[in-house]
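Below is one structure, written out as structure tokens; comments come after it.
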Amino acid sequence: MTAYTRDTPSPEYLDMVAMYETLHEEGESLAKKSGKETFPGKMLIRHTPGIKEMIDRTGATSILDYGAGKGAGYEQRDVTLSNGDVASSILDYWGISDLRCYDPGYEPFMELPEGQYDGVICTDVLEHITTPDVAWIVDEMFSYARKFVYANIACYPAVKFLPNGQNVHCTVKPPEWWAGLFHAIAMRHTDVSFRLITSTATGRKKKFGFAKNRKKHYQTVERMA
């Protein structure tokens, strides 16, 4: 099996990035969403308290948001968080001095970062990556991190589809698969902590995936360096 890399990604990965560029610019016609409303990056808010825990544990002062979408969560003010806290802004809540957003499908953020950051976060992203490319992308995330990696992954089909008809969650694997991948890659980065949150879903199904009223179940795996 071919081992893909950043320099030689799979053809499917290149096609997927091109489709996300189109969605970011033109929006989702079936969902009647404009480009501005498509993949805004607001899923981050649910994970803001957990990311703060990792920041506080490690003393991180810089963050790379890997797969940030449009980074809209960072623009919100007086944000009500999942733990009930109200933050004047996410960056104030985290208390960090340096943030870098990266997203290969969104033109303002598509340039690859340089150097390292204390923490690398990746929320609602990895299940969107083509399966042959997941390993090198996770390894790249660890390579960018000095202190920790935080990721959450959905282990079920989405209700959205790409322009080619493929489900946007193109890599749907059980939590155990993701945990094994993270542990294997973390062994090459022994000075980097990680927290991995996976979610499964139960509930009423539609023809092509789960309906929006599905019930989610979360599992957390972490390693502190």
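Throughout the sequence shown, residue numbering follows the numbering used here, covering 95 to 319 in sequence.
Note that beta-carbon positions come from the ideal geometry of N, C-alpha and C, so glycine has one too.
Same chain, Cβ closer than 7 Å to residue i, five either side skipped, listed in chain order
i, result
"Asp197", "Gly161, Ala162, Gly163, Phe203 and Met204"
"Gly303", "Interpretation of Gly303 is limited by its pLDDT of 47, a score under 50 that renders its predicted location unreliable; no figure is taken from the coordinates."
"Arg100", "Trp230 and Glu234"
"Ala319", "Thr284, Asp285, Val286 and Ser287"
"Lys136", "Ala166 and Gly167"
"Val243", "Val214, Met235, Phe236, Val286 and Phe288"
"Glu115", "Gly199"
"Phe133", "Leu117, His118, Gly163 and Lys164"
"Glu221", "Ile247, Ala248, His263, Thr265 and Val266"
"Arg171", "Ser182 and Ser183"
"Thr102", "none"
CB-CB length for residue i against residue j, believed under 8 Å
i, j, result
"Asp227", "Ser104", "5 Å"
"His118", "Gly199", "5 Å"
"Phe264", "Thr224", "In the sequence on display, residue 264 carries Cys and not Phe. Rounded, the Cβ-Cβ distance is 6 Å, consistent with contact."
"Ser156", "Ile190", "6 Å"
"Pro207", "Leu158", "6 Å"
"Ala280", "Arg317", "6 Å"
"Phe276", "Val232", "7 Å"
Residue span of the alpha helix (DSSP H) that contains residue i, given as start and end
i, result
"Glu106", "Pro105 to Glu120"
"Phe242", "Where Phe242 is concerned, there is no enclosing alpha helix (DSSP H), although the beta strand (DSSP E) it sits in stretches over Ala239 to Ala248."
"Phe133", "Premise fails: Phe133 is in no alpha helix (DSSP H) and is neither H nor E."
"Pro269", "Pro269 to Ala280"
Cutoff 6 Å; reference residue i; Cβ partners in own chain excluding five residues on either side
i, result
"Val315", "Ala273 and Leu290"
"Asp109", "none"
"Thr152", "Lys241 and Phe242"
"His311", "Thr294"
"Glu106", "Thr224"
"Ala154", "Asp212, Gly213 and Lys241"
"Pro257", "Met113"
Boundaries (first-last residue) of the beta strand (DSSP E) holding residue i
i, result
"Phe288", "Ser287 to Thr296"
"Glu316", "Lys309 to Arg317"
Beta-carbon proximity list for residue i, same chain, < 8 Å, skipping 5 on both sides
i, result
"Lys127", "Gly121"
"Gly129", "Leu117, His118, Glu119, Glu120 and Gly121"
"Arg194", "Ser156, Ile157, Leu158, Asp159, Pro207 and Tyr211"
"Trp188", "Thr142, Ile145, Lys146, Ile149 and Ile157"
One or two residues paired with residue i in a DSSP bridge
i, result
"Asn261", "Phe255"
Beta carbon proximity, residue i to chain C, threshold 8 Å
i, result
"Arg140", "Looking for chain C here will not work: only one protein chain is present."
Subject >> Whole beta strand (DSSP E) elements within the stretch 153-226, 3-residue minimum >> reply: Runs of the beta strand (DSSP E) spanning 3 or more residues and lying entirely within the stretch 153-226 occur at 156-160, 192-196 and 211-217, in chain order.
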